[in-house]
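One structure below.
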Amino acid sequence: MTRIQPNPTLADEDWVAPLEPMLPGIGHAPVEILYESDRTRVVRLSLPTRAGSLIVKELFGPRAKARRRHELGIIERLAGVWGVPQLAPLSEFASEYANAIAMEDVAGVSLAESIRSGRMTISELLEFALGLTQVVAALHQQRVVHKDINPANILLSGPGRRPMLIDFDLATTFAEERPGFVHHREIAGTLVYLAPEQTGRTGRTVDRRADLYSLGATLYELAVGQPPFEGDDPLQLIRDHLVRVPTPPVERNPLVPRGLSEIIMRLLEKEPDRRYQCAEGLADDLTLLREFQARGEDATFPLGERDFPMRLSPPSRLIGRESEIEALRRAFEGVSDDQARGVLIAGAPGVGKTVLIDELRPMVTARRGLFVAGKFEQYRRDAMTSAVTQALRALGSLLLAESETELANHRTRILLALGPNASLITAVVPEFALLLGPMPETTPGDSLETEARLRLAVLELLRAVASPTRPVIMVLDDLQWAGPISIRFLDTMLADETLRNVLVVGAYRDTEVDAAHLLSPMLARWERLGAARLRLSLQNLPLADLGILLEEMLRLRPSEAIRLAAVIGDRTGGNPYDTVELVNALRQDGALSLGQEGWGGTKRRFVGSSAGARWWTC
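Here it is as structure tokens:
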């Protein structure tokens, strides 16, 4: 077999060219093509040296080698896990399948294909739901999040049609992952089954609960014959996942038990905190429901009685920031009315500045706006890596992902607005070089003059892209580390009264900005000009809000939460981040443990500073 030559203009060390289409029987090994795309081919390979066949997944195209290394690492991590196909050697065809993954053939049919051939009975659905939940629980116990659970990635294997999960190219190990705001075409995963936080429009982190949402969307389709949301408009699908409540399954199919309908609706909660927190808790409820059904009872019961997260995370909703969220919402709504250009948010590290800003994401999505962000770094303050450049690159990426018609319209407007300064933008932002095409070289001039022209070019670019129906929100985080050039760029954007439909949001650590700091005189200037219509100063949480935070994290009674808040607050000062870290340290130290009734203490532990030492009896 020979390889098709790759595009020579693509600079990608991990590029792998696809094999030419294979014919059955090549090399004395019958081949059956099961799936093929521009990035992946899956075949069933029968080898004379072994009794059973193999499933071989070949990866090619951009980043193919890196994608193989990633997926192979995930599958190796899941060695021996029930419900996951296991790796198999492919030594006989190592050269032909150099960038492939070989797995044991479980002789399964995809759930997507099974759905097309007929609906499951309620009894079969309950057995399937419990089996799949147990597979997901096994994945999560190995600290793996699948991130793309849907009928196409589920096999029904063997006589018992036991569920198995396949396709781990998007899977990750547990981490605090917050997806960026990218164009809908670049969202990773299958949009019909995707959790709201995976769209990058909520600012929430993606964890195991995203898998439970996708599992719920799959069960919904099995129960009623259609997924909770569907359609050809990806933006509408995203909005549906963010805000629309699906019709309960029992209302669309009266044969669905009420208990199962309630379980599915809990899985499909928009906020991760309101869903099941772990697959084990879901499996417990499904087991109880199956027992009721076996007795012929269509009973409901309190859900999630034994559903507790293994990892202690803060609630998805912001505690104690209601007034700040409302102020931010008003500032965003004022963008199209020319009532706001800038928002400045100050606060100590860990107080929640970035999390507060993320509350803008769903608002921007609802208005079909463009949300772009950049973050300054303490030891990299040059212009080419600044937050402004990062934000402009993100803007270019969003525009590049649009249709050819939209691209042509953007190109025309931007070129008309920039004129000869277009080459300044394309020299700094590669994405706009792709969008606008080749530009004539500019004659190098005085550095200050070039910088001034570039600042004006950025303004013209934003004017060309932003509109009342599609505002641009540019977030620049960690301003305390911005260099002089970046601060001058920010000043140009905030001080220009002719800039419309653009909201610039800056965040900084006020604990690091003194009178001698570069930012200090600019803050006074922007306040004098009215350039930053909204200035928020975030403080640590008071005792009452800290108690609510702990109450929701640990499912404590209010009185217990306040008592614990008083002790922990002595150590953290009410800083939200430090509080979460200390609570997890207590868990690791054994002062908190997970039991039948949830999180609780196991022993008397010393908590607090050396001065004013206190004891909390758990």
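In our numbering, the protein residues as written are 70 to 687. Ideal placement from N, C-alpha and C gives every residue a C-beta, glycine not left out.
Chain-order list of residues whose beta-carbon lies under 7 Å from that of residue i (same chain, five-residue window excluded)
| i | result |
| --- | --- |
| residue 558 | 457, 524 and 527 |
| residue 635 | 612 |
| residue 321 | 293 |
| residue 422 | 414, 416, 576 and 607 |
| residue 235 | 154, 222 and 224 |
| residue 357 | 370 |
| residue 565 | 528 |
| residue 614 | 388 and 389 |
| residue 620 | 627 and 630 |
Beta-carbon spacing of residue i, residue j below 7 Å
| i | j | result |
| --- | --- | --- |
| residue 213 | residue 171 | no |
| residue 248 | residue 229 | no |
| residue 616 | residue 630 | yes |
| residue 385 | residue 340 | yes |
| residue 464 | residue 433 | no |
| residue 575 | residue 430 | no |
| residue 111 | residue 126 | yes |
| residue 108 | residue 124 | no |
| residue 14 | residue 140 | The structure shown has nothing for residue 14, since the chain only spans 70 to 687. |
| residue 280 | residue 205 | yes |
| residue 389 | residue 651 | no |
| residue 469 | residue 439 | no |
| residue 521 | residue 571 | no |
| residue 405 | residue 296 | no |
| residue 260 | residue 315 | no |
| residue 497 | residue 462 | no |
| residue 394 | residue 366 | no |
Neighbourhood of residue i by C-beta distance below 6 Å, restricted to the same chain and skipping five residues each side
| i | result |
| --- | --- |
| residue 595 | 563 and 601 |
| residue 194 | 291 |
| residue 618 | 388 |
| residue 604 | 413 |
| residue 181 | 220 and 221 |
| residue 506 | none |
| residue 178 | 225 |
| residue 479 | 468 |
Residues near residue i by beta carbon distance below 8 Å, same chain, minus five either side
| i | result |
| --- | --- |
| residue 324 | 191 |
| residue 419 | 644, 645, 646 and 647 |
| residue 148 | 155 and 156 |
| residue 373 | 335, 345, 346, 350 and 354 |
| residue 375 | 349, 350, 353 and 665 |
Euclidean distance between Cα positions of residue i and residue j
| i | j | result |
| --- | --- | --- |
| residue 500 | residue 116 | 47 Å |
| residue 292 | residue 216 | 22 Å |
| residue 187 | residue 258 | 26 Å |
| residue 332 | residue 554 | 54 Å |
| residue 425 | residue 233 | 39 Å |
| residue 532 | residue 166 | 51 Å |
| residue 348 | residue 201 | 10 Å |
| residue 330 | residue 319 | 6 Å |
| residue 491 | residue 105 | 41 Å |
| residue 93 | residue 158 | Only weak support exists for where residue 93 lies, its pLDDT of 44 falling under 50; the value from the coordinates is given anyway. One C-alpha to the other measures close to 21 Å. |
| residue 690 | residue 359 | Shown here, the chain extends from 70 to 687; a query on residue 690 therefore has no answer. |
| residue 586 | residue 530 | 30 Å |
| residue 308 | residue 459 | 26 Å |
| residue 173 | residue 382 | 37 Å |
| residue 231 | residue 197 | 7 Å |
| residue 203 | residue 210 | 10 Å |
| residue 471 | residue 542 | 18 Å |
| residue 482 | residue 475 | 11 Å |
| residue 20 | residue 119 | What is shown of the chain runs 70 to 687, which leaves residue 20 out entirely. |
Those residues which DSSP pairs with residue i across a bridge
| i | result |
| --- | --- |
| residue 232 | 225 |
| residue 175 | For residue 175, which the question treats as bridged, DSSP gives no partner whatsoever. |
| residue 602 | According to DSSP, which records beta bridges pairwise, residue 602 is partnered with nothing at all. |
| residue 238 | None; residue 238 has no bridge partner. |
| residue 577 | 415 |
| residue 261 | Partner(s): none; residue 261 has no beta bridge. |
| residue 410 | DSSP lists no partner for residue 410. |
| residue 104 | 111 |
| residue 169 | 127 |
Beta-carbon separation (whole angstroms), residue i vs residue j, contact threshold 8 Å
| i | j | result |
| --- | --- | --- |
| residue 168 | residue 146 | With a Cβ gap of about 20 Å, residue 168 and residue 146 do not count as contacting. |
| residue 416 | residue 579 | 7 Å |
| residue 508 | residue 519 | Not a contact, Cβ separation roughly 15 Å. |
| residue 219 | residue 287 | 6 Å |
| residue 199 | residue 355 | 5 Å |
| residue 311 | residue 265 | 5 Å |
| residue 344 | residue 278 | 5 Å |
| residue 443 | residue 598 | No, residue 443 and residue 598 are not in contact; Cβ-Cβ is about 23 Å, not under 8 Å. |
| residue 337 | residue 262 | Incorrect: roughly 10 Å between the Cβ atoms, too far for contact. |
Heavy atom of the ligand GTP within 6 Å of residue i beta-carbon
| i | result |
| --- | --- |
| residue 360 | No copy of the ligand GTP appears in this structure; indeed no ligand is present at all. |
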